[in-house]
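Residues in the sequence shown are numbered from 6 upward in steps of one, following this note's numbering.
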Amino acid sequence: MEWTKDYQLFLFDFDGLLVNTEEIHYQAYKKMCRDRGFELPWDFSRYCQVAHYHQETLRRELMQSVPGLERMESDWEVLYQEKKQAMVELLSKGSVTMMPGAEKLLRVLDQEGIERCVVTHSPLEQIELIKQGNPILFSIPHWFTRESYTKAKPDPECYLNAIEKLCPEEGKVIGFEDTPRGMQALMETPAEAVMITQVNYPEQETFVSRGAKLFNSLADWMHSRS
């Protein structure tokens, strides 16, 4: 494919971009509430609009939406640990699948020998578990996880480190993100920025005005280049 020759490095976020782990996080929060006798009254889009900013925002909004939960357990750390355990249970069941177009894109990049890496705040232990059920992920040679940098997105440190290490000769770089925090980080780098999401975030118009591209899926992005 000719478009693969346009870039020397592909940068990818992980959760919600390559794999459907954002859906798993959502289901884990629902299970945490359900196990205590409550229902989380959010659809997936609402969850993303709350969760993809700050942990305190998520805590506050969830407690407001499920008021009985805070009366039962006011310590958020206790609830969060229950959510994490629910997440582990879902991951162990092999619930994680590749997002639309992700596997095809990774196969093309592997066949063409194009440099690529994942830049994510997910812990390495969780990533290794997800890889077992989605072996195409083993084709990605470089992983910048939370253990690899000091400042999380929206700080651009993680992306800048990846570019410096993998594309030091000022080659052309493209990066893909699915959240506003990730896009803020990516757009502070020399990379061409692409946002992949079906959620309507208020920042999208600003990102596009600054030169970012917007698509519903990686499959749609690939189709636009064919």
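The C-beta atom is built at its ideal place from N, Cα and C for all residues, glycine as well.
If you're wondering where the values come from, they're calculated on a predicted model, not measured in any experiment.
Review point. CA-CA distance, Pro146 and Arg121?
Key: 7 Å
Review point. Is Met104 near Ala33, with beta carbons less than 9 Å apart?
Key: One thing to note: Met104 has its Cβ no nearer than 9 Å to the Cβ of Ala33.
Exercise for review: Provide the residue span of the beta strand (DSSP E) that contains Phe15, from first to last.
Suggested key: Where Phe15 is concerned, the enclosing beta strand (DSSP E) stretches over Leu14 to Phe17.
Check your understanding: Under a Cβ-count criterion, where at least 16 other Cβ atoms within 10 Å of its own Cβ denotes burial, should Thr62 be classed as buried or exposed?
Key -> exposed
Check your understanding: Should Phe143 be labelled buried (16 or more other beta-carbon atoms within 10 Å of its own) or exposed?
Key -> Result: exposed.
**Study point:** Nearest candidate by alpha-carbon position, reference Leu191, set Gly176, Glu174, Phe212 and Cys172
**Key:** Phe212
Review point. Looking at the unbroken beta strand (DSSP E) that takes in Phe220, where does it start and where does it end?
Key: Lys218 to Phe220
**Study point:** N- and C-terminal bounds of the beta strand (DSSP E) containing Glu120
**Key:** Glu120 to Val124
Check your understanding: Across which residues does DSSP place Ile201 in a beta bridge pair?
Key -> Phe220
Exercise for review: Could you please give the first and the last residue of the uninterrupted beta strand (DSSP E) stretch that includes Gly106?
Suggested key: Where Gly106 is concerned, there is no enclosing beta strand (DSSP E), given that its DSSP letter is neither H nor E.
Check your understanding: Could you give the C-beta distance for Ile141 and Glu108, rounded to a whole number, given that I count them as a contact under 8 Å?
Key -> 5 Å
Practice item. Report the partner residues of Phe181 according to the DSSP bridge assignment. Key: Phe17 and Val199
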